[in-house]
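J.: Sequence order for the protein chains is A and B. My numbering puts the first residue of the first sequence at -5, with every later residue one more than the last. My numbering puts the first residue of the second sequence at -5, with every later residue one more than the last. Yeah, the Cβ is synthetic: ideal placement off N, Cα and C, and Gly gets one too. Once you've had a glance at the structure underneath, I'll fire off some questions.
2 protein chains.
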Amino acid sequence: MKKICIRPSIPSLSTDLYIGEDLLTSEQLLRFFNQCKGKKVIVADCAIKNLYAMKLSQQICAELITIQSGEHVKTQKTVEHLMDALFQMGAGKDTTLIALGGGVTTDLVGFVASIYMRGISLVLVPTTLIGLVDAAIGGKTAVNTPFGKNLIGTIYPPKAIWADLNILQTLPEKEQLNGLAEILKIGLIYDSSIWELAKHNGHMHTLILKAIQGKIAIIEQDPMEQALRRILNFGHTMGHALETVAHYEMPHGEAVALGCLVEGYLSMRLGYLSEKNFEKIQAIYHRFPLQLPKAYTRTKLLEAMAHDKKRAFGEIRFVLIDEIGHALPFEGAYCRAVIPHELESTLNWMENR
Amino acid sequence: MKKICIRPSIPSLSTDLYIGEDLLTSEQLLRFFNQCKGKKVIVADCAIKNLYAMKLSQQICAELITIQSGEHVKTQKTVEHLMDALFQMGAGKDTTLIALGGGVTTDLVGFVASIYMRGISLVLVPTTLIGLVDAAIGGKTAVNTPFGKNLIGTIYPPKAIWADLNILQTLPEKEQLNGLAEILKIGLIYDSSIWELAKHNGHMHTLILKAIQGKIAIIEQDPMEQALRRILNFGHTMGHALETVAHYEMPHGEAVALGCLVEGYLSMRLGYLSEKNFEKIQAIYHRFPLQLPKAYTRTKLLEAMAHDKKRAFGEIRFVLIDEIGHALPFEGAYCRAVIPHELESTLNWMENR
């Protein structure tokens, strides 16, 4: 087992990340939870209930709440339902809330932990690769709204994350690809060695660790996303808008993969990225089933983008790259406004791929 | 005008408090809001719409949303209604949200600002004395639930607070008393000079400033309420439970006044506070119309207390005092468990007053 301490510039936002094999059945995990005072409540995605949730809840003497799986449960309504359940079981401010599941579950449960009694202790046990790399690390919590994805939320890092590599490695191929999409994104914006490794089908463990370390380096410098951390949104301006158009029936990883490819193209069209580098990028994304959502129209996409959180002074802003492994700083804003006219050729290209 | 900088140990929780006469029509205020980039949105309690909200919104070019007044609007439903309004007017992450009203409005709007797009800029303009002393300073935001008061919320200090003493001084007598209840509480737990001044009907300005300075000294040491800040809950374990029993139809100030008196009595019964000091406390509270809510029963009160946020390991905990001006530290917990049996004589006394 490896323990990675995430220590941002704001000390109260610290997290301990435990990563290794067979962690969920380890002595260390039991010892960790036995040290938590007060009530323990696991919220688990029902898709994994039989596999791990029942066993874990018995081992650590925790109450168990199950929720449906899928992006459509990531709403204010589920948040209220969960909080009512916590009130009804008499959960106080000394409760530890444990999220067991994918990114939807950890985002949702993290949000509940951040507002229940003005914040209770939170531990994440991600069970998908994208849930570990994307959602669990960095403390962002969120729910979706009809206006767009992740538009309500907080920055509330968990006390600890337990990442069991066995669970992550028994994921179906499709789930592995979803995780790879976020790993590749970190490669594109921050660490070209990730990209090299992925290109040569390097070992998945190494890829995961490199991606995690890259992400931690970014969020430690800017935990509240006031500048540098924005680069983690590469591929997400387009990706989130596509998910909104698809009514969240498109997996986040697929949306991010398509988003990265399209925002890579945009980086080239705007003259920042060489054609040669864009071709390298394009070559890797052949692994992904990149389809526009059935409900796609350009009007709907632009409407969804209008609610992007990076928007400022009425303009849509994109993170852009000039090399594989380097996002442009734009004088500390780490994103730049792209006017509709500049976007047109990129949208044409995306629609006709 | 006086500018008081609130600088807790966590720098990102800083607030600038501007306090003085005629601030709402001052050049300084206009200059301050002209420096805010992005959209400005005022959320005002409809009770004060005609007085200040329209004028302010025109002066600083802000959009205006009005909400009903009263504790019953401080719910998740109003939060969703406000967020929908913000999405519909295209408010982005660069929006400044301005709360104009009493404590209900600032708590509610503060909560919205803390979760809308994971946090947008917040400015408070309290229009009641209790709203200034109690709700505006310290960054607590909240909504009520059927299970109890302020059970959902965040700690999210505003960027700035503008406190216009003219508005605060034209409040009706009843509103002044509500504010006085919180001022006296700070006197009881932290600063006996407040108490001396109040006893001799000292100048209201001086009382307000002393209470503000006392509160700031406490929250600067412990912004996240992990220890010392708990003393600000004196009178509130009982007070909040009374409000819950009254279905929030009891003014917060009245509930806190009665709560402080009763928790003072409890401090005496448990042997911490002398009878002589308790009599002094009792003498001042004759100014307040201290009535139990019509719906009061002991069972309902105990049920409401069971959801108190200070509760730990299944026990109800109270902040207690041993002197006028000093709360007991209890080895850094700043509150102690009181078992039902110990509470009984205090409840008997309260019911038979």
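What did DSSP end up calling isoleucine 318(B) once you bin it into helix, strand or coil?
T.: Translated into the one-based positions of the second sequence, residue 318(B) becomes position 324. Note: isoleucine 318(B) maps to coil in three-state DSSP.
J.: Give the DSSP bridge partners of serine 115(A), in chain order.
T.: The count along the first sequence starts at 1 and reaches residue 115(A) at position 121. DSSP lists Thr90(A) as partners of serine 115(A).
J.: If you draw a straight line from the C-alpha of lysine 179(B) to the C-alpha of glutamate 243(A), how long is it?
T.: Translated into the one-based positions of the second sequence, residue 179(B) becomes position 185. Translated into the one-based positions of the first sequence, residue 243(A) becomes position 249. Going by the C-alpha atoms only, they are around 53 Å apart.
J.: Enumerate in chain order the residues of its own chain whose CB-to-CB distance from phenylalanine 272(B) is below 6 Å, with the five nearest sequence positions on each side excluded.
T.: Numbered from 1 along the second sequence, position 278 holds the residue referred to as residue 272(B). Same-chain partners within the cutoff: Gly258, Met262.
J.: Pull out every residue of the region 99 to 119 of chain A whose Cβ sits closer than 9 Å to any Cβ of chain B, in chain order.
T.: Going along the region 99 to 119 of chain A in chain order, one finds Phe105, Ser108, Ile109, Tyr110, Met111, Arg112, Gly113 with a Cβ nearer than 9 Å to chain B.
J.: Which residues, in order along the region 301 to 313 of chain B, keep a beta-carbon less than 9 Å from a beta-carbon of chain A?
T.: Taking 9 Å as the Cβ-Cβ cut-off against chain A, the residues of the region 301 to 313 of chain B that qualify are His301, Asp302, Lys303, Lys304, Arg305, Ala306, Phe307, Gly308.
J.: Using a Cβ-Cβ distance cut-off of 8 Å, determine whether threonine 72(A) contacts chain B.
T.: Counting from one through the first sequence, the residue named residue 72(A) turns up at place 78. For threonine 72(A), the answer is no, since every Cβ of chain B falls outside 8 Å of its Cβ.
J.: Determine whether the Cβ of threonine 148(A) lies closer than 8 Å to any Cβ atom of chain B.
T.: Within the first sequence, the letter at position 154 stands for residue 148(A). Closer than 8 Å: yes.
J.: Of all the CB atoms in chain B, is at least one closer than 8 Å to the CB of glycine 86(A)?
T.: Residue mapping note: residue 86(A) aligns to position 92 of the first sequence, counting from 1. So yes, glycine 86(A) belongs to the interface.
J.: What's the gap between the Cα of asparagine 160(A) and the Cα of histidine 199(A)?
T.: In the first sequence, the residue the question calls residue 160(A) occupies position 166. In the first sequence, the residue the question calls residue 199(A) occupies position 205. Roughly 11 Å separates the two Cα atoms.
J.: With a threshold of 8 Å between beta-carbons, can lysine 134(A) be considered close to chain B, or not?
T.: Along the first sequence, one-based indexing puts residue 134(A) at 140. Cβ-Cβ to chain B under 8 Å: yes for lysine 134(A).
J.: With distances taken between CB atoms, is the gap from leucine 23(B) to isoleucine 36(B) smaller than 8 Å?
T.: Numbered from 1 along the second sequence, position 29 holds the residue referred to as residue 23(B). Numbered from 1 along the second sequence, position 42 holds the residue referred to as residue 36(B). Not a contact, by the Cβ cut-off of 8 Å.
J.: When the Cα of lysine 270(A) is compared with those of Pro5(A), Glu317(A), Lys304(A), which residue comes out closest?
T.: The residue given as residue 270(A) occupies position 276 in the first sequence. Among Pro5(A), Glu317(A), Lys304(A), the Cα nearest to that of lysine 270(A) is on Glu317(A).
J.: Would you decide whether serine 339(A) is buried or exposed? Buried here means 16 or more other CB atoms lie within 10 Å of its CB.
T.: Position 345 of the first sequence, counted from the start, is the residue given in the question as residue 339(A). So serine 339(A) counts as exposed.
J.: Taking the beta strand (DSSP E) that valine 35(B) falls in, what are its first and last residues?
T.: To locate residue 35(B), count along the second sequence from 1; it is residue 41. Its beta strand (DSSP E) spans residues 34 to 39.
J.: What residues of chain A sit near glycine 32(B), judged by a beta carbon separation below 8 Å?
T.: Counting from one through the second sequence, the residue named residue 32(B) turns up at place 38. By Cβ distance, chain A contributes Ala306, Phe307.
J.: Taking 7 Å as the cut-off, is the CB of glycine 86(A) close to at least one heavy atom of the ligand FMN?
T.: What this structure holds is no ligand at all, so the ligand FMN is not there to describe.
J.: Indicate whether at least one CB of chain A lies closer than 8 Å to the CB of isoleucine 0(B).
T.: Translated into the one-based positions of the second sequence, residue 0(B) becomes position 6. No, isoleucine 0(B) lies away from the interface with chain A (no Cβ there is under 8 Å from its Cβ).
J.: With a cut-off of 8 Å on the beta carbons, I'd call tyrosine 279(B) and leucine 314(B) a contact; round off their distance for me.
T.: In the second sequence, the residue the question calls residue 279(B) occupies position 285. In the second sequence, the residue the question calls residue 314(B) occupies position 320. Not confirmed; about 17 Å, so no contact.
J.: For a contact defined as C-beta to C-beta under 8 Å, what are the partners of threonine 90(B) on chain A?
T.: As a working note, residue 90(B) is residue 96 in the second sequence. Residues of chain A passing the Cβ test: none, with the nearest at roughly 13 Å.
J.: Can you give the Cα-Cα distance for arginine 330(A) and phenylalanine 228(A), rounded to whole angstroms?
T.: For the purposes of this step, residue 330(A) is taken as the residue at position 336 of the first sequence. For the purposes of this step, residue 228(A) is taken as the residue at position 234 of the first sequence. Taking the straight line from one Cα to the other gives about 12 Å.
J.: Given a threshold of 16 other Cβ atoms within 10 Å of its Cβ, counted over all protein chains shown, does glutamate 352(B) qualify as buried or as exposed?
T.: What the structure shows of chain B is the stretch from -5 to 347, and residue 352(B) is not part of that stretch, so it cannot be assessed.
J.: So leucine 23(A) is in the alpha helix (DSSP H); what residue range does that whole segment cover?
T.: Your numbering for residue 23(A) matches position 29 in the first sequence. Note, leucine 23(A): alpha helix (DSSP H), 21 to 28.
J.: Going straight from the alpha carbon of lysine 288(A) to that of lysine 304(A), what length do you get?
T.: Position 294 of the first sequence holds residue 288(A). Position 310 of the first sequence holds residue 304(A). If I take the Cα positions, the gap works out to 26 Å.
J.: Please classify glutamate 345(A) as buried or exposed, where buried requires at least 16 other C-beta atoms within 10 Å of its C-beta.
T.: As a working note, residue 345(A) is residue 351 in the first sequence. Answer is exposed; the Cβ neighbour count stays below 16.
J.: Output yes or no for whether 8 Å exceeds the beta carbon distance between isoleucine 92(A) and valine 67(A).
T.: As a position in the first sequence, residue 92(A) is number 98, starting the count at 1. As a position in the first sequence, residue 67(A) is number 73, starting the count at 1. Not in contact: isoleucine 92(A) and valine 67(A) (Cβ atoms no closer than 8 Å).
J.: Could you check whether the region 154 to 172 of chain A touches the region 98 to 106 of chain B, counting it as contact only if at least three pairs of C-beta atoms, one from each stretch, sit closer than 8 Å?
T.: Touching, no.
J.: Looking at the C-beta of methionine 244(A), does it have a partner C-beta in chain B at a distance below 8 Å?
T.: Taking the first sequence and counting its residues from 1, one reaches residue 244(A) at position 250. False, the Cβ-Cβ gap to chain B never drops below 8 Å.
J.: Quick one: what's got a C-beta closer than 7 Å to lysine 134(B)'s C-beta in the same chain, skipping five residues either side?
T.: Here residue 134(B) refers to the residue found at position 140 of the second sequence. Answer for lysine 134(B): Gly147, Ile149, listed in chain order.
J.: Take the Cβ of glutamine -1(B) as the centre, count every other Cβ of all protein chains shown within 10 Å, and call the residue buried at 16 or more, exposed below.
T.: For the purposes of this step, residue -1(B) is taken as the residue at position 5 of the second sequence. It should be pointed out that residue -1(B) corresponds to cysteine in this sequence rather than to glutamine. Result: exposed.
J.: Alpha helix (DSSP H) containing alanine 175(A): first to last residue?
T.: Position 181 of the first sequence holds residue 175(A). From DSSP, the alpha helix (DSSP H) with alanine 175(A) extends over 167 to 183.
J.: Mind listing the chain A neighbours of isoleucine 4(B)? Cutoff is C-beta to C-beta under 9 Å, in chain order.
T.: By one-based count along the second sequence, residue 4(B) stands at place 10. Ile4, Pro5, Ser6, listed in chain order.
J.: Rank Ile310(B), Ala327(B), Leu252(B) by C-alpha distance to the C-alpha of glutamate 336(B) and give the top, closest one.
T.: Position 342 of the second sequence, counted from the start, is the residue given in the question as residue 336(B). It is Ile310(B) whose Cα lies nearest to the Cα of glutamate 336(B).
J.: Which residues of chain B have a Cβ atom closer than 7 Å to the Cβ of methionine 83(A), listed in chain order?
T.: One-based indexing of the first sequence puts residue 83(A) at position 89. Under the 7 Å cutoff, chain B gives no residues; its nearest Cβ is about 11 Å from methionine 83(A).
J.: Counting only Cβ-Cβ distances shorter than 7 Å, please list the residues of the region 214 to 244 of chain A near chain B, keeping chain order.
T.: Cβ contacts with chain B come from Met218.
J.: To which residues of the same chain is alanine 221(B) closer than 8 Å at the C-beta, ignoring the five residues directly before and after it?
T.: In the second sequence, counting from the first residue as 1, residue 221(B) sits at position 227. Taken in chain order, the residues that qualify are Gly326, Ala327, Tyr328.
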